[in-house]
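Below: one structure, written as structure tokens.
Numbering (UniProt numbering), first residue to last: 1 to 246.
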């Protein structure tokens, strides 16, 4: 296995023309640039910066909520255990897989090119990728419901919506919340990237600092973003443990 990985690495570097040995002499210059230009970071708590941070967090939360609601509906009709039609389930699964395999940054470029820049377009880009991700994961959660449980509901005469609200949703709510919290964590990072290409928020401020060669201020924004991501990661991790292990 090690030999196979080594052969794959050699073949890939040969095909791309990348020579790892050429990077080593440049590491010194890179480290010098980082230590002399970026450090020490200048963290600003000005009203403008804090407003951009708030926009980034708001984009992540709002897009995750909207996508989660849509994903629950799509997952119910996308799971073969609950969908009234196998054809509909296949179409939903295929659509979600297709949308999920296109990165958020690509969606952002497509939407910005057609609709212009702005937080609303960044919101749509985040909703698309969040919806696709949660639809696939929610379908997997539904697929884990024991078939006997659904058959018992059918045996007592429960219709489609009764099975959904009295069986499927209660059985899956913990899994739904867990995946939603994970998606929220991912969206915090993604909203920053989307902001750098025109979606507003902290990403746009970071890009403006980099373009203006204000590297200490850019380092400060990076530290603030990292702190927010770590904080959200800790919070969502604790919440997921409580949800999965009540």
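For every residue, glycine included, the Cβ atom is placed at its ideal position computed from N, Cα and C. Computed from a predicted model, the values in this text were never measured in an experiment.
Coil, strand or helix - residue i by DSSP
{"i": "residue 17", "result": "coil"}
{"i": "residue 56", "result": "helix"}
{"i": "residue 97", "result": "helix"}
{"i": "residue 203", "result": "helix"}
{"i": "residue 105", "result": "helix"}
{"i": "residue 42", "result": "coil"}
{"i": "residue 144", "result": "coil"}
{"i": "residue 229", "result": "helix"}
Within 8 Å, strictly: CB atoms of residue i and residue j
{"i": "residue 64", "j": "residue 183", "result": "yes"}
{"i": "residue 61", "j": "residue 228", "result": "no"}
{"i": "residue 123", "j": "residue 206", "result": "no"}
{"i": "residue 219", "j": "residue 41", "result": "yes"}
{"i": "residue 248", "j": "residue 127", "result": "The shown model of the chain, from 1 to 246, leaves out residue 248, and the question about it has no answer."}
{"i": "residue 190", "j": "residue 104", "result": "yes"}
{"i": "residue 80", "j": "residue 71", "result": "no"}
{"i": "residue 82", "j": "residue 164", "result": "yes"}
{"i": "residue 125", "j": "residue 194", "result": "yes"}
Separation of residue j from residue i, as counted between CA atoms
{"i": "residue 46", "j": "residue 217", "result": "12 Å"}
{"i": "residue 114", "j": "residue 210", "result": "26 Å"}
{"i": "residue 160", "j": "residue 69", "result": "19 Å"}
{"i": "residue 203", "j": "residue 147", "result": "46 Å"}
{"i": "residue 87", "j": "residue 121", "result": "32 Å"}
{"i": "residue 249", "j": "residue 196", "result": "The question about residue 249 has no answer here: the residues shown for the chain are numbered 1 through 246."}
{"i": "residue 155", "j": "residue 168", "result": "15 Å"}
{"i": "residue 51", "j": "residue 44", "result": "12 Å"}
{"i": "residue 11", "j": "residue 3", "result": "12 Å"}
{"i": "residue 1", "j": "residue 8", "result": "11 Å"}
{"i": "residue 33", "j": "residue 231", "result": "29 Å"}
{"i": "residue 166", "j": "residue 38", "result": "56 Å"}
{"i": "residue 15", "j": "residue 95", "result": "33 Å"}
For the region 124-137 against the region 63-77, do three or more pairs of beta-carbon atoms, one drawn from each stretch, fall closer than 8 Å, so that the two count as touching? yes
Three or more C-beta pairs below 8 Å linking the region 166-178 and the region 141-150: yes
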